[in-house]
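So the structure is just underneath, and the comments pick up after that.
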Amino acid sequence: MDSATLLERFGPRDEMAYDVVIVGGGPAGLSAAIRLKQLASEAGREISVCVLEKGSEIGAHILSGAVMDPRALSELSPDWQLRGAPLNVAVTEDRFLFLSETGARQVPNWMLPDNFRNHGNFVVSLANVTRWLGQQAEALGVDIFAGFAAAEVLFDEDGAVKGVATGNVGIGRDGELTEKFQLGMALPAKYTLFAEGARGHLGAQVIARYNLRDGADTPVYGLGLKEVWEIDPAKHQPGLVMHTAGWPLTPQTYGGSFLYHLDSHQVAVGFVVGLGYANPYLSPFEEFQRLKTHPAIRQFLAGGKRIAYGARAISAGGLVSLPKLTFPGGALIGCEAGMLNVSRIKGSHAAIKSGMLAAEAIFEALGEGRAGDELTRYPEAFRKSWLWDELNRSRNFKQWMTKGLYLGTAMVGLEQKVFRGNVPWTLRHHRADHASTRAASECKPIDYPKPDGKLTFDRLSSVFISNTHHEENQPAHLTLRDKRVPVDVNLARFAGLETRFCPAGVYEFGKTPEGADTLIINAQNCVHCKTCDIKDPTQNIVWVAPEGGGGPNYASM
1 MDSATLLERF
11 GPRDEMAYDV
21 VIVGGGPAGL
31 SAAIRLKQLA
41 SEAGREISVC
51 VLEKGSEIGA
61 HILSGAVMDP
71 RALSELSPDW
81 QLRGAPLNVA
91 VTEDRFLFLS
101 ETGARQVPNW
111 MLPDNFRNHG
121 NFVVSLANVT
131 RWLGQQAEAL
141 GVDIFAGFAA
151 AEVLFDEDGA
161 VKGVATGNVG
171 IGRDGELTEK
181 FQLGMALPAK
191 YTLFAEGARG
201 HLGAQVIARY
211 NLRDGADTPV
221 YGLGLKEVWE
231 IDPAKHQPGL
241 VMHTAGWPLT
251 PQTYGGSFLY
261 HLDSHQVAVG
271 FVVGLGYANP
281 YLSPFEEFQR
291 LKTHPAIRQF
301 LAGGKRIAYG
311 ARAISAGGLV
321 SLPKLTFPGG
331 ALIGCEAGML
341 NVSRIKGSHA
351 AIKSGMLAAE
361 AIFEALGEGR
371 AGDELTRYPE
381 AFRKSWLWDE
391 LNRSRNFKQW
401 MTKGLYLGTA
411 MVGLEQKVFR
421 GNVPWTLRHH
431 RADHASTRAA
441 SECKPIDYPK
451 PDGKLTFDRL
461 SSVFISNTHH
471 EENQPAHLTL
481 RDKRVPVDVN
491 LARFAGLETR
501 FCPAGVYEFG
511 KTPEGADTLI
521 INAQNCVHCK
531 TCDIKDPTQN
541 IVWVAPEGGG
551 GPNYASM
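Per the UniProt record's numbering, the very first residue in the sequence shown carries number 1; after that it's consecutive.
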């Protein structure tokens with residue numbers, strides 16, 4: 001039953017109006033909220049701000065490596081150390097390794113370009129940093145509604161965005177209303193910011209409605225997988241930052257790993273695979289498990305205990321893939337827009353800065369009595385900022401690395417080490433990730449070893465420690481445009497690649513009672529990584545928001 005039918009039956013939604021509504025309680029959204037309240041306080045004005053977060057609490061859906069550049073945080077909150085921001089482990093050492101199947105060759109530090117140097121940065125749990133940002137926002141008077149998923153964009157009679165509505169609850173798996181049914185709430189606003197992270201589903205609708213990608217390259221993505229381990233204290237080196245390239249991926253497949261030493265004898269180990277890979281037999285999850293068996297990684301993890309797991313798609317297109325940032329009534333910020341510096345594997349500082357810039361544009365507009373127009377000051381300020389300069393200098397990184405490990409490494413070294421990113425050429429992204437997949441008949445199957453349950457694991461045990469939960473009696477939030485495509489196209493031509501690209505065991509093929517092939521969707525396993533929405537070859541899978549509070553509950557990712 002669609003929203004229009006429900007509104008006819010049950011009447012208008014309840015409303016709570018705000019000056020600014022922000023969709024997404026990550027670093028970008030919370031920083032925008034904080035900056036708006038700071039500016040209002042300085043000017044002696046009142047600005048009402050609301051943040052909607054689909055996770056059960058702030059930070060529940062936040063996953064990142066993460067080594068954090070504190071530059072933007074220091075602009076937002078110069079006294080963040082006094083306020084107890086959880087940036088406690090300063091980087092002490094950088095290591096970059098090229099891996100073969102059994103060996104490793106470390107790049108001398110004097111050869112590392114600046115994008116791989118982390119002096120002055122901090123190894124953090126971004127989920128915990130985000131929780132701290134949420135506390136700062138609430139102390140300033142921001143209304144934060146966790147467990148409420150924004151499910152619909154609202155438009156005024158002129159076609160401008162005028163807020164969002166939260167999802168209806170109490171609709172059964174069969175689409176029928178249950179005794180728990182409640183209409184979602186409308187949150188009209190003078191301006192709406194979308195900060196859902198990479199491949200946000202409402203942001204995608206806004207981008208399509210206003211043709212915001214006209215003139216921009218196609219967006220490309222990576223899938224980041226991460227585990228947190230408690231390791232032997234004798235092996236622990238707080239502040240050690242290690243990155244690798246090469247094995248287990250082929251030289252033609254973009255990707256690499258990280259291993260960051262946190263405090264409390266913990267390390268974060270992760271793997272990023274570019275979703276433009278060609279072989280449908282490739283499984284990012286199994287590649288990650290294989291990585292941990294390499295001597296350079298095993299030496300730290302052996303004898304330790306895995307305590308957390310998660311996965312999330314990341315925006316990897318860089319500056320050339322950024323859409324137009326504004327539209328009537330609002331803007332895109334953070335990874336919703338694609339502001340991740342993939343060459344540094346860092347996005348939190350970019351998210352914070354973009355949120356601040358958008359907030360400053362909104363503050364100016366509201367002060368001039370404007371509402372619902374285009375925030376032209378935001379892209380203008382971005383173009384003049386250090387963030388634009390940083391993204392511009394690394395604009396060719398992903399394009400070079402997609403051409404292969406060896407050529408890519410040589411050209412990135414030339415651009416970043418010799419020219420420091422100031423080159424007169426710009427490479428383009430010409431093909432979306434889903435269009436890069438080759439037919440299974442053209443590719444070689446990959447034989448992955450079985451997990452040992454000590455160093456390597458299966459998907460379901462991994463999902464278990466991500467604390468993922470969804471209300472079972474609700475419509476599946478993983479929807480199909482055409483139910484015939486998974487069998488007729490994906491299974492027939494691509495050997496059922498959704499069973500391999502998903503890092504959470506959501507998709508499997510089974511048989512109907514009549515013996516026909518069918519796709520089974522275990523939506524309750526979904527960790528909201530968005531990979532299926534990106535990699536599905538025919539773009540037949542569409543991710544929509546489940547009931548608020550569903551999904552993973554990351555404690556310290």
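Think of the CB as a built atom: it goes at the ideal place given N, C-alpha and C, for glycine as much as any other residue.
| said: Can you tell me whether residue 50 is helix, strand or coil according to DSSP? | reply: As a position in the sequence shown, residue 50 is number 50, starting the count at 1. Correct three-state label for residue 50: strand.
| request: Indicate the three-state DSSP secondary structure (helix, strand or coil) for residue 455 in the structure shown. | output: Counting from one through the sequence shown, the residue named residue 455 turns up at place 455. Of the three classes helix, strand and coil, the one that applies to residue 455 here is coil, per DSSP.
| message | Could you compute how far the alpha carbon of residue 3 sits from the alpha carbon of residue 147? | response | Against the sequence shown, residue 3 aligns to sequence position 3. Against the sequence shown, residue 147 aligns to sequence position 147. Going from the Cα of residue 3 to the Cα of residue 147 covers about 20 Å.
| task | Can you have a look at residue 441 and say buried or exposed, based on whether 16 or more other CB atoms are within 10 angstroms of its CB? | result | Residue mapping note: residue 441 aligns to position 441 of the sequence shown, counting from 1. Counting Cβ neighbours within 10 Å, residue 441 comes out exposed, since fewer than 16 surround it.
| message | Please report the distance separating the alpha-carbon of residue 221 from that of residue 398. | response | Position 221 of the sequence shown, counted from the first residue, corresponds to residue 221. Position 398 of the sequence shown, counted from the first residue, corresponds to residue 398. Computed Cα separation, rounded: 10 Å.
| task | Evaluate contact between the stretch 322-337 and the stretch 212-219, counting only Cβ atoms and requiring at least three cross-stretch pairs below 8 Å. | result | yes
| query | Got a sec? Which residues, its chain only, sit under 7 Å from residue 494 by beta carbon, not counting five neighbours each side? | reply | The sequence position of residue 494 within the sequence shown is 494, counting from 1. Hits under 7 Å: 280, 437, 439, 440, 537.
| said: Give me the residue from 261, 312, 64, 249 with the minimum Cα distance to residue 294. | reply: As a first step, residue 294 is located in the sequence shown; it is residue number 294 there, counting from the start. Considering only alpha carbons, the answer is 249.
| query | Taking the DSSP output, what are the residues bridged to residue 290? | reply | As a position in the sequence shown, residue 290 is number 290, starting the count at 1. Note: residue 290 sits in no beta bridge, so no partner.
| Would you call residue 418 buried or exposed, if buried means 16 or more other Cβ atoms sit within 10 Å of its Cβ? | As a working note, residue 418 is residue 418 in the sequence shown. Burial call: exposed.
| said: Let's see if you can read the secondary structure: which residues bound the alpha helix (DSSP H) around residue 636? | reply: With the chain covering 1 to 557 only, the question about residue 636 has no answer from this structure.
| request: Quick one: give me the first and last residue of the beta strand (DSSP E) that residue 261 is part of. | output: In the sequence shown, counting from the first residue as 1, residue 261 sits at position 261. From DSSP, the beta strand (DSSP E) with residue 261 extends over 255-261.
| Taking the DSSP output, what are the residues bridged to residue 106? | Start at 1 with the first residue of the sequence shown, and residue 106 comes out as number 106. 97.
| task | Please go through the stretch 378-427 and give each complete alpha helix (DSSP H) segment of 4 or more residues, from N-terminal end onward. | result | 386-393, 397-402, 405-413
| Residue from 115, 363, 393, 28 with nearest C-alpha to residue 37 | Looking up residue 37 in the sequence shown gives position 37. Looking at the Cα atoms, 363 is the closest of the given residues.
| query | Do three or more CB pairs link the stretch 524-543 to the stretch 469-483 at distances below 8 Å? | reply | yes
| task | State the DSSP-derived secondary structure class of residue 188, mapped to helix, strand or coil. | result | In the sequence shown, counting from the first residue as 1, residue 188 sits at position 188. It is a strand residue.
| Assigned secondary structure, residue 315 (DSSP; H/G/I helix, E/B strand, else coil) | One-based indexing of the sequence shown puts residue 315 at position 315. Three-state DSSP puts residue 315 in a strand.
| said: Mapping the DSSP letters down to three states, classify residue 489 as helix, strand or coil. | reply: Along the sequence shown, read from residue 1 onward, the residue named residue 489 stands at position 489. Helix.
| query | Counting Cβ pairs, one atom from each stretch, are 3 or more of them under 8 Å apart for the stretch 9-24 and the stretch 193-211? | reply | yes
| task | Evaluate residue 14 with the Cβ neighbour count: other Cβ atoms within 10 Å of its Cβ, from every protein chain shown; 16 or more gives buried, anything less gives exposed. | result | Along the sequence shown, one-based indexing puts residue 14 at 14. Looking at its Cβ environment, which holds fewer than 16 other Cβ atoms inside 10 Å, residue 14 is exposed.
| query | What is the DSSP secondary structure of residue 557, reduced to helix, strand or coil? | reply | Looking up residue 557 in the sequence shown gives position 557. Correct three-state label for residue 557: coil.
| query | What's the C-alpha gap between residue 278 and residue 262? | reply | Stepping through the sequence shown from its first residue, residue 278 is reached at position 278. Stepping through the sequence shown from its first residue, residue 262 is reached at position 262. One C-alpha to the other measures close to 35 Å.
| field | Whether residue 116 touches residue 243 by CB criterion (8 Å) | value | Mapped onto the sequence shown, residue 116 falls at position 116. Mapped onto the sequence shown, residue 243 falls at position 243. It is a contact, given that the beta carbons lie within the stated cut-off.
| message | Can you tell me which residues form a DSSP beta bridge with residue 309? | response | By one-based count along the sequence shown, residue 309 stands at place 309. DSSP, once it has assigned bridges, lists 227 as partnering residue 309.
| field | Residue ranges of each beta strand (DSSP E) within the stretch 10-67, 3 or longer | value | 18-23, 49-53
| message | So for residue 153, helix, strand or coil by DSSP? | response | In the sequence shown, counting from the first residue as 1, residue 153 sits at position 153. In the structure shown, residue 153 sits in a strand (DSSP, three-state: E or B).
| field | Own chain partners of residue 206 with C-beta closer than 8 Å, once the 5 adjacent residues on each side are dropped | value | Translated into the one-based positions of the sequence shown, residue 206 becomes position 206. Here the set comprises 153, 161, 194, 212, 327, 330, 332.
| field | Contacting residues, own chain, Cβ-Cβ under 7 Å from residue 519 (five flanking each side not counted) | value | Counted from its first residue, the sequence shown places residue 519 at position 519. So the list reads 486, 487, 507, 509, once near-sequence residues are dropped.
| task | Inspect the beta-carbon positions of residue 569 and residue 166 and report whether they are closer than 8 Å. | result | Because the chain in this structure spans residues 1 to 557, residue 569 falls outside the shown range and cannot be described.
| Between the stretch 356-370 and the stretch 32-47, are three or more C-beta pairs nearer than 8 Å? | yes
| CB of residue 422 within 8 Å of CB of residue 393, strictly | Locating residue 422 in the sequence shown gives position 422, where the first residue counts as 1. Locating residue 393 in the sequence shown gives position 393, where the first residue counts as 1. Yes, they are a contact pair.
| Under three-state DSSP, which class holds residue 586? | One cannot answer for residue 586 here, as it falls past the ends of the chain, which runs 1 to 557.
| field | DSSP-derived helix/strand/coil call for residue 525 | value | Position 525 of the sequence shown, counting from 1, holds the residue named residue 525. If DSSP states are grouped into helix, strand and coil, residue 525 belongs with the helices.
| message | My output table needs one value for residue 433: the three-state DSSP class, helix, strand or coil. | response | In the sequence shown, counting from the first residue as 1, residue 433 sits at position 433. Three-state DSSP puts residue 433 in a helix.
| said: I'd like to confirm the pairing. Which residues does DSSP put opposite residue 507 in its beta bridges? | reply: Within the sequence shown, residue 507 is the residue found at index 507, counting from 1. In the DSSP output, where bridge partners are listed per residue, residue 507 has 521.
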